[in-house]
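Numbering (the numbering used here), first residue to last: 5 to 271.
Ideal placement from N, C-alpha and C gives every residue a C-beta, glycine not left out.
All of these numbers come straight from a predicted model, not from anything done at the bench.
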């Protein structure tokens, strides 16, 4: 539902019949919905459910979220005009219910609805879907999803990781503040899932799965194996030992061995 087109007023106490006003005044429950919850999950974009839009200070346009902005700006014909939104720079939001522009806050100053069940004033981030268990990491400086109790911040890697990886991963300085070596998207604030390889380098989980499906088992950054390949090397060694040397190479190999023996003997 588009908030700019469907400018639906929220029922207020004075709009109710007299008997409902009296009941509300006596503390009795009414059928009127909570003002703050009005329109919950009905507004937003493909990325987030929220009841406001952002006035982007970089280009003075209106977008539902920073991802909508970045996607639109990344396809501009003039490369010099392409840019990304710095979320902390947003100063103004527009209520999706009453269409009133105002300073960043958790509630609409005009109609009183919540812009999002989850609200982070630092990130200017709103979301009605709290099943994601959003939380703000002060060390990362941005909001994460998955529940604070399920993650810890690794100061050397420079990002939040699952508690299963505490003291159980190879640290690489600021490994998450790099681009995915496959798709080259910046990993630190990517909304896609990431994985840590044995070497400590990181990449998108989808990119990792695609790499493995192509029988590529080395880190694209440092070329170290992403699996324990000892069994594979043992199997290859056995196959090589079981393969007879072709006749045309036997003489040359014997001659090479003789020359090496002579050279070692005369050192």
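query: Bridge partners of residue 245, per DSSP?
result: Within the chain shown, numbered from 1, the residue matching residue 245 stands at position 241. The partner list for residue 245 (beta bridge, DSSP) is empty, contrary to what the question assumes.
Notebook entry, point to check: Are there 16 or more other CB atoms within 10 angstroms of the CB of residue 57, so buried, or fewer, so exposed?
Noted result: Stepping through the chain shown from its first residue, residue 57 is reached at position 53. The residue in question, residue 57, is buried, as its Cβ has 16 or more Cβ neighbours within 10 Å.
With 16 as the cutoff for other CB atoms within 10 Å, does residue 100 come out buried or exposed? Here residue 100 is taken as the residue at index 96 of the chain shown, counted from 1. Its Cβ being crowded by 16 or more others within 10 Å, residue 100 is buried.
Measure the alpha-carbon distance for residue 205 versus residue 227 and round it to whole angstroms. On the chain shown, residue 205 is found 201 positions in, with the first residue counted as 1. On the chain shown, residue 227 is found 223 positions in, with the first residue counted as 1. For residue 205 and residue 227, the distance between alpha carbons rounds to 11 Å.
Just to confirm my understanding: we take residue 199, look at its own chain, exclude 5 residues before and 5 after, and list those with CB closer than 6 Å. What are they? The residue labelled residue 199 in the question sits at position 195 within the chain shown. Excluding positions up to five away in sequence, the list reads 209, 212.
First through last residue of the beta strand (DSSP E) which encompasses residue 146: As a position in the chain shown, residue 146 is number 142, starting the count at 1. Unbroken beta strand (DSSP E) run through residue 146: 146-148.
Report the residue from 230, 163, 65, 240 whose alpha carbon sits nearest the alpha carbon of residue 142. Translated into the one-based positions of the chain shown, residue 142 becomes position 138. Closest option to residue 142, Cα to Cα, is 163.
Does the structure place the segment 37-56 close enough to the segment 86-105 that three or more beta carbon pairs sit under 8 Å?
yes
Would you check if the segment 175-186 and the segment 150-165 touch, i.e. whether three or more CB-CB distances between them fall below 8 Å?
yes
With burial defined as no fewer than 16 other Cβ atoms inside 10 Å of the residue's Cβ, what is the status of residue 134: buried or exposed? Position 130 of the chain shown, counted from the first residue, corresponds to residue 134. Result: exposed.
> From residue 191 to residue 111, what distance separates their C-alpha atoms?
Replying inline: Position 187 of the chain shown, counted from the first residue, corresponds to residue 191. Position 107 of the chain shown, counted from the first residue, corresponds to residue 111. Their backbone Cα atoms lie some 32 Å apart in a straight line.
Whose CA, out of 74, 90, 132, lies closest to the CA of residue 54?
-> Taking the first residue of the chain shown as position 1, residue 54 is located at position 50. Residue 132 is the option with its Cα nearest to residue 54.
With DSSP collapsed to three states, give me the class of residue 107.
-> For the purposes of this step, residue 107 is identified with residue 103 of the chain shown, where counting begins at 1. Of the three classes helix, strand and coil, the one that applies to residue 107 here is strand, per DSSP.
Would you call residue 80 buried or exposed, if buried means 16 or more other Cβ atoms sit within 10 Å of its Cβ?
-> Stepping through the chain shown from its first residue, residue 80 is reached at position 76. Exposed: under 16 other Cβ atoms inside 10 Å.
* **Environment of residue 62 [buried if 16+ CB atoms lie within 10 Å]** => Reading the chain shown from its first residue, position 58 is the one you call residue 62. It is exposed - the Cβ of residue 62 has fewer than 16 other Cβ atoms within 10 Å.
Item to complete: Output the distance between the C-alpha atoms of residue 41 and residue 221, rounded to the nearest integer angstrom.
Response: Stepping through the chain shown from its first residue, residue 41 is reached at position 37. Stepping through the chain shown from its first residue, residue 221 is reached at position 217. Residue 41 and residue 221: Cα-Cα distance of roughly 50 Å.
Could you tell me the boundaries of the alpha helix (DSSP H) in which residue 163 lies? The residue given as residue 163 occupies position 159 in the chain shown. Where residue 163 is concerned, there is no enclosing alpha helix (DSSP H), although the beta strand (DSSP E) it sits in stretches over 163-166.
Endpoints, alpha helix (DSSP H) assigned at residue 209
By one-based count along the chain shown, residue 209 stands at place 205. Element bounds for residue 209: 209-217.
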